[in-house]
Amino acid sequence: MSRRVTRLATVSAIFALLSIGGVASSAQASDGPIIGVQIDSGPSSHVIQVGPGGLFVEYPGGKEDLPAGSFTLTLSDQKAQLGPILFDRPMPFRIRGAEHPIQLDDRFYEGWLEIHAPKGSSSWLLVNRLPLERYLLGVIPGEMPVESYPPGALAAQAVAARTYALFQILVRPSDQRVHVFNDTRSQMYVGGGTAHPNTVRAVESTRGQVLLYGDKVFECFFHSTCGGGTRPVEHCYGGDPIAPLSSVTCKGCTSSKYYRWDVRLSVAALGKLLEPLCKKYEIDLGPVHSVEPVEPSLGGHCAYVLIRHAKGTFELESEKFRRLVRVPGKRELRSTSFVAERKGDEVVFYGRGWGHGVGLCQVGAKGYAEAGSSHLAILTHFYPGAEVQVLWK
Numbered sequence: 008m009s010r011r012v013t014r015l016a017t018v019s020a021i022f023a024l025l026s027i028g029g030v031a032s033s034a035q036a037s038d039g040p041i042i043g044v045q046i047d048s049g050p051s052s053h054v055i056q057v058g059p060g061g062l063f064v065e066y067p068g069g070k071e072d073l074p075a076g077s078f079t080l081t082l083s084d085q086k087a088q089l090g091p092i093l094f095d096r097p098m099p100f101r102i103r104g105a106e107h108p109i110q111l112d113d114r115f116y117e118g119w120l121e122i123h124a125p126k127g128s129s130s131w132l133l134v135n136r137l138p139l140e141r142y143l144l145g146v147i148p149g150e151m152p153v154e155s156y157p158p159g160a161l162a163a164q165a166v167a168a169r170t171y172a173l174f175q176i177l178v179r180p181s182d183q184r185v186h187v188f189n190d191t192r193s194q195m196y197v198g199g200g201t202a203h204p205n206t207v208r209a210v211e212s213t214r215g216q217v218l219l220y221g222d223k224v225f226e227c228f229f230h231s232t233c234g235g236g237t238r239p240v241e242h243c244y245g246g247d248p249i250a251p252l253s254s255v256t257c258k259g260c261t262s263s264k265y266y267r268w269d270v271r272l273s274v275a276a277l278g279k280l281l282e283p284l285c286k287k288y289e290i291d292l293g294p295v296h297s298v299e300p301v302e303p304s305l306g307g308h309c310a311y312v313l314i315r316h317a318k319g320t321f322e323l324e325s326e327k328f329r330r331l332v333r334v335p336g337k338r339e340l341r342s343t344s345f346v347a348e349r350k351g352d353e354v355v356f357y358g359r360g361w362g363h364g365v366g367l368c369q370v371g372a373k374g375y376a377e378a379g380s381s382h383l384a385i386l387t388h389f390y391p392g393a394e395v396q397v398l399w400k
């Protein structure tokens with residue numbers, strides 16, 4: 008999810024958002040403000056499937072209709088081509104299904120797909136712009152298993168995701184076309200189309216519900232598994248602490264396979280993974296003796312690690328250390344909540360949880376919901392001091 012130091016945004020601007028940017032009627036306003044989701048960037052090629060009714064294509068000074076069928080969208084350095092229509096960069100254009108969502112490759116998208124080259128950029132952006140409530144129908148299944156998670160957990164996720172997305176809209180200029188990514192840089196978004204009934208229920212039952220701290224929207228982080236306690240935001244992303252993103256205990260995620268984990272690395276392998284960074288900062292690295300968490304929080308997460316080696320010591324940000332020692336498909340530190348033990352020629356990391364550890368623990372929400380907690384109780388637990396308010400219906 009995105010990392011910003013500013014974590015509070017005034018709620019007064021929301022009502023202006025509901026009357027501009029294409030959200031005019033009361034029916035539209037009930038779906039919340041428009042959000043822009045970056046789907047892709049740079050040169051690329053996509054297959055677009057268009058259903059009955061065809062495709063609307065709009066660009067400065069004109070518009071065209073394409074019939075139902077299959078078209079190739081090709082974005083190159085200087086040009087873009089959609090079926091028979093050729094655009095010279097940086098001319099922007101946008102498309103939407105006349106009667107049905109567009110299928111782009113293997114995903115469906117409601118609303119408009121905008122293709123434009125930002126000022127000063129040499130590449131195209133592919134952006135899905137749609138009302139916030141409709142966007143959430145593609146977020147919930149990307150963040151939780153909607154067929155197996157209980158309604159209370161899905162509803163809590165819907166409110167957290169809505170709050171996070173609204174914050175991203177509010178802290179950007181009103182003419183900003185892109186607010187979030189479609190992946191873990193923001194929150195997972197898998198497109199629209201036909202939503203699972205559990206997804207629809209989670210979004211509709213919480214329509215317009217947003218978490219506020221005082222009268223402000225905050226950057227409502229969440230993660231997979233805390234391992235017994237969440238992490239204060241300032242330890243993870245810096246900035247000032249705020250109560251809803253402080254550390255709380257969690258008894259709901261013990262069923263997660265990542266509640267406890269271990270990773271083994273040979274001393275030689277660990278040294279090789281640290282080598283590039285040590286060269287960059289001119290650290291003469293010897294064989295690693297130990298890796299020690301520095302001032303761990305209630306949840307066990309640490310902001311820094313102290314690395315002792317044969318030629319000295321140095322400190323490193325824990326998130327940076329976690330990324331350095333990641334070998335996809337082989338070994339990965341699932342979180343920064345761990346202790347390390349030297350055993351012969353190996354360093355063994357004993358950890359808990361998966362993800363950055365800030366805010367809602369998704370597996371914890373599942374556990375609390377299965378024990379009978381409502382989505383409001385779950386949100387109150389993981390975001391202490393925050394209140395749920397309905398900002399639109």
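First residue of the sequence shown? That's 8 in this note's numbering, and the numbers climb one at a time after it. All residues carry an ideal CB built from backbone N, CA and C; glycine is no exception. The structure presented is a predicted model; accordingly, all values stated were derived computationally and were not measured.
Proximity of residue i and residue j at Cβ, strictly below 8 Å
i	j	result
His363	Arg271	no
His191	Val224	One point to set straight first is that residue 191 is Thr, not His, in the sequence displayed. No. Outside cutoff.
Ser344	Gly234	yes
Cys368	Cys260	yes
Pro67	Pro99	yes
Gly145	His382	no
Leu93	Ile102	no
Gly358	Leu386	no
Glu150	Val210	no
Residue interval of the beta strand (DSSP E) (run including residue i)
i	result
Ser51	Ser51 to Val57
Glu75	In the sequence under discussion, the amino acid at residue 75 is Ala, which differs from the Glu named in the question. Run containing Ala75: none; DSSP gives neither H nor E here.
Phe228	Element bounds for Phe228: n/a, residue is neither H nor E.
Val301	Val295 to Val301
Gln396	Glu394 to Val397
Gln424	Any answer about residue 424 is impossible in this case: the structure gives the chain only from 8 up to 400.
Arg315	Tyr311 to His316
Ile92	Ile92 to Asp95
Identified DSSP bridge partners for residue i
i	result
Thr17	Lys223
Gly66	It should be pointed out that residue 66 corresponds to Tyr in this sequence rather than to Gly. Answer is Gly69.
Val197	DSSP output for Val197 lists no bridge partner at all.
Leu137	Ile42
Tyr116	Ile109
Arg101	Glu65 and Glu121
Gly236	Thr256
Gly358	Trp268 and Phe345
Asp352	Asp352 pairs with nothing; no bridge assigned.
Gln183	Paired residues: none, contrary to the question.
Bounding residues of the alpha helix (DSSP H) (the contiguous stretch that carries residue i)
i	result
His242	Val240 to Tyr244
His382	His382 to Phe389
Ile249	That residue, Ile249, is in no alpha helix (DSSP H); it is neither H nor E in DSSP.
Ser325	Ser325 to Leu331
Arg208	Pro204 to Glu211
Glu282	Val274 to Lys287
Val166	Pro158 to Leu177
Lys373	Gln369 to Glu377
With 16 other Cβ atoms within 10 Å as the buried cut-off, status of residue i
i	result
Ala34	Interpretation of Ala34 is limited by its pLDDT of 39, a score under 50 that renders its predicted location unreliable; the figure taken from the coordinates is listed afterwards. Exposed, since its Cβ has fewer than 16 Cβ neighbours within 10 Å.
His316	buried
Asp47	buried
Gly306	buried
Tyr156	buried
Pro303	buried
Thr17	exposed
Ser263	buried
Gln194	buried
Asp6	With the chain running from 8 to 400 in the structure shown, residue 6 is simply not present.
Gln45	buried
Ala167	buried
Gln330	Reading off the sequence, residue 330 comes out as Arg, not Gln. Counting Cβ neighbours within 10 Å, Arg330 comes out exposed, since fewer than 16 surround it.
Pro143	In the sequence as presented, Pro is not what sits at residue 143; that position holds Leu. Leu143 comes out buried.
Val54	exposed
Lys70	exposed
Thr201	exposed
Ala372	buried
Glu282	exposed
Closer than 7 Å: residue i CB and nearest the ligand GTP heavy atom
i	result
His363	No copy of the ligand GTP occurs in the structure displayed, which carries no ligand at all.
Own chain, CB closer than 6 Å to residue i, minus 5 neighbours either side, in chain order
i	result
Val397	Gly215 and Gln216
Glu348	Val355
Ser83	Pro50
Gln175	His186 and Val187
Arg338	Val270
Lys318	Asp291 and Gly293
Ala376	Pro157, Gly159 and Ala160
Ser52	Thr81
Cutoff 8 Å; reference residue i; Cβ partners in own chain excluding five residues on either side
i	result
Gly43	Glu121, Val134, Asn135, Arg136, Gln183, Arg184, Val185, His186 and Val187
Gly60	Ala75, Gly104, Ala105, Glu106 and His107
Lys86	Leu93, Phe94, Asp95 and Arg96
Residues of its chain near residue i, where Cβ-Cβ distance is below 7 Å and the 5 sequence neighbours each way are ignored
i	result
Pro148	Val197, His203 and Thr206
Leu478	Residue 478 lies beyond the residue range present for the chain, which begins at 8 and ends at 400; the question has no answer from this structure.
Pro391	Ala250, Pro251, Ser253 and Val255
Cys309	Pro300, Val301, Glu302, Pro303, Ser325 and Thr343
Interface flag, residue i vs chain D, CB-CB below 8 Å
i	result
Val334	Looking for chain D here will not work: only one protein chain is present.
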